[in-house]
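Step one of this worksheet: look at the structure below.
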Amino acid sequence: MTAGEIVARIKDHLGMPWRETTYRDTFKFGGPDTVVTGIATTAFVTLDVIERAAAAGLNMIVPHEDTFWNDRDDVTVVEHDPLYPKKVELLRRHDIVVFRIHDHMHAQRPDFTYVGSARTIGLEAQYETAPGSHHYVIPETTLGALAADVKKRSGARALRVVGDPDARVSRIQLGVGYATPAVNAPDIDVVISGEQQEADGAFDSPAYVVDAMALGLARGWIVLGHVVSEEPGMQEMAEWIRAFVPEVPVQCVEAHEPFWVPA
Numbered sequence: 002m003t004a005g006e007i008v009a010r011i012k013d014h015l016g017m018p019w020r021e022t023t024y025r026d027t028f029k030f031g032g033p034d035t036v037v038t039g040i041a042t043t044a045f046v047t048l049d050v051i052e053r054a055a056a057a058g059l060n061m062i063v064p065h066e067d068t069f070w071n072d073r074d075d076v077t078v079v080e081h082d083p084l085y086p087k088k089v090e091l092l093r094r095h096d097i098v099v100f101r102i103h104d105h106m107h108a109q110r111p112d113f114t115y116v117g118s119a120r121t122i123g124l125e126a127q128y129e130t131a132p133g134s135h136h137y138v139i140p141e142t143t144l145g146a147l148a149a150d151v152k153k154r155s156g157a158r159a160l161r162v163v164g165d166p167d168a169r170v171s172r173i174q175l176g177v178g179y180a181t182p183a184v185n186a187p188d189i190d191v192v193i194s195g196e197q198q199e200a201d202g203a204f205d206s207p208a209y210v211v212d213a214m215a216l217g218l219a220r221g222w223i224v225l226g227h228v229v230s231e232e233p234g235m236q237e238m239a240e241w242i243r244a245f246v247p248e249v250p251v252q253c254v255e256a257h258e259p260f261w262v263p264a
């Protein structure tokens with residue numbers, strides 16, 4: 002079975018037209034004629050992911066994010082960087098083909114990144130106020146207890162929290178990756194998201210939460226990190242592909258959280 006045939010099946014099962022103008026969801030290394038022995042989904046195509054995928058007999062990698070450290074995978078940006086030829090050599094050695102799926106994954110309904118993230122941190126569907134809203138009302142707890150539970154469930158090493166740990170909270174808005182919901186929305190107590198610049202020039206979320214806390218308002222922000230937030234969605238993606246590509250093994254080879262904190 003070829004990579005092109007697998008991509009054709011992915012397109013057929015999306016439930017939506019394929020956007021040919023996408024620059025993200027394309028082959029990033031190798032091409033459609035590569036014979037596939039197995040498929041690895043992941044967040045990022047790191048050197049470690051390449052080695053583990055190859056060891057498992059998986060030579061087609063389907064990442065959510067870029068391969069060559071920039072969103073467009075523009076190799077002219079990195080062709081003189083010493084890491085670039087090392088990664089290319091490793092990909093060639095293992096006959097790896099890379100096909101990214103980002104835009105269409107987010108356009109799917111449901112969006113697997115939200116499904117996976119909610120599952121991982123324990124936000125059950127019964128608490129979602131409307132399907133696809135990513136807005137949850139859970140039994141009241143404290144921000145500190147919620148953050149501790151999220152950290153334990155997700156396994157995040159470098160989870161960050163803004164807000165009073167003793168604040169009573171129940172209304173949660175979930176965002177994934179860089180899609181951080183507004184922390185000043187009137188119908189939420191806590192935002193849980195992947196990442197955001199602390200002061201991005203548009204709205205300074207940490208400072209807003211600090212001021213809300215000073216006024217005794219229940220408001221918090223839990224920052225998971227990009228990989229912790231979105232990689233569970235690639236587990237969902239692996240299960241989805243497995244259902245219509247039975248000819249080869251399919252599994253999620255996790256890139257793992259890059260951040261750590263000193264003891």
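Residues 2 to 264 in the numbering used here are what the sequence shown spells out, letter by letter.
Yeah, the Cβ is synthetic: ideal placement off N, Cα and C, and Gly gets one too.
Please tell me whether V279 and A41 are closer than 8 Å, where the distance is taken between their beta carbons.
Given a span of 2 to 264 for the chain in the structure shown, any question on residue 279 remains unanswerable.
State the Cα-Cα distance for the pair N71 and V228, rounded to the nearest angstrom.
Straight-line Cα distance between these residues: approximately 16 Å.
Between V34 and T68, which are expected to be in contact by the criterion C-beta below 8 Å, what is the C-beta distance as a whole number of angstroms?
Looking at the sequence provided, one finds Asp at residue 34 rather than Val. Actually they are not in contact, since the Cβ atoms of D34 and T68 sit about 19 Å apart, beyond 8 Å.
What residues are listed by DSSP as bridge partners for M61?
DSSP lists I40, V98 as partners of M61.
Measuring only the C-alpha atoms, how far is V162 from E248?
The straight-line gap from Cα to Cα measures roughly 44 Å.
Could you give the C-beta distance for R101 and R25, rounded to a whole number, given that I count them as a contact under 8 Å?
Yes, they are in contact, since the Cβ atoms of R101 and R25 sit about 6 Å apart, within 8 Å.
Measure the C-alpha to C-alpha separation of V8 and D212 and round it to an integer number of angstroms.
The alpha-carbon atoms of V8 and D212 are separated by roughly 49 Å.
Does the distance from the C-beta atom of R154 to that of G123 stay below 8 Å?
A contact, by the Cβ cut-off of 8 Å.
Can you check whether the CB of L48 is closer than 8 Å to the CB of L91?
Contact: yes.
Could you check what DSSP says for W261 in three-state terms: helix, strand or coil?
Coil.
Assuming contact is defined by CB atoms lying nearer than 8 Å, are L225 and I193 in contact in what I supplied?
It is a contact, given that the beta carbons lie within the stated cut-off.
Straight-line CA distance for P18 to H103?
Straight-line Cα distance between these residues: approximately 15 Å.
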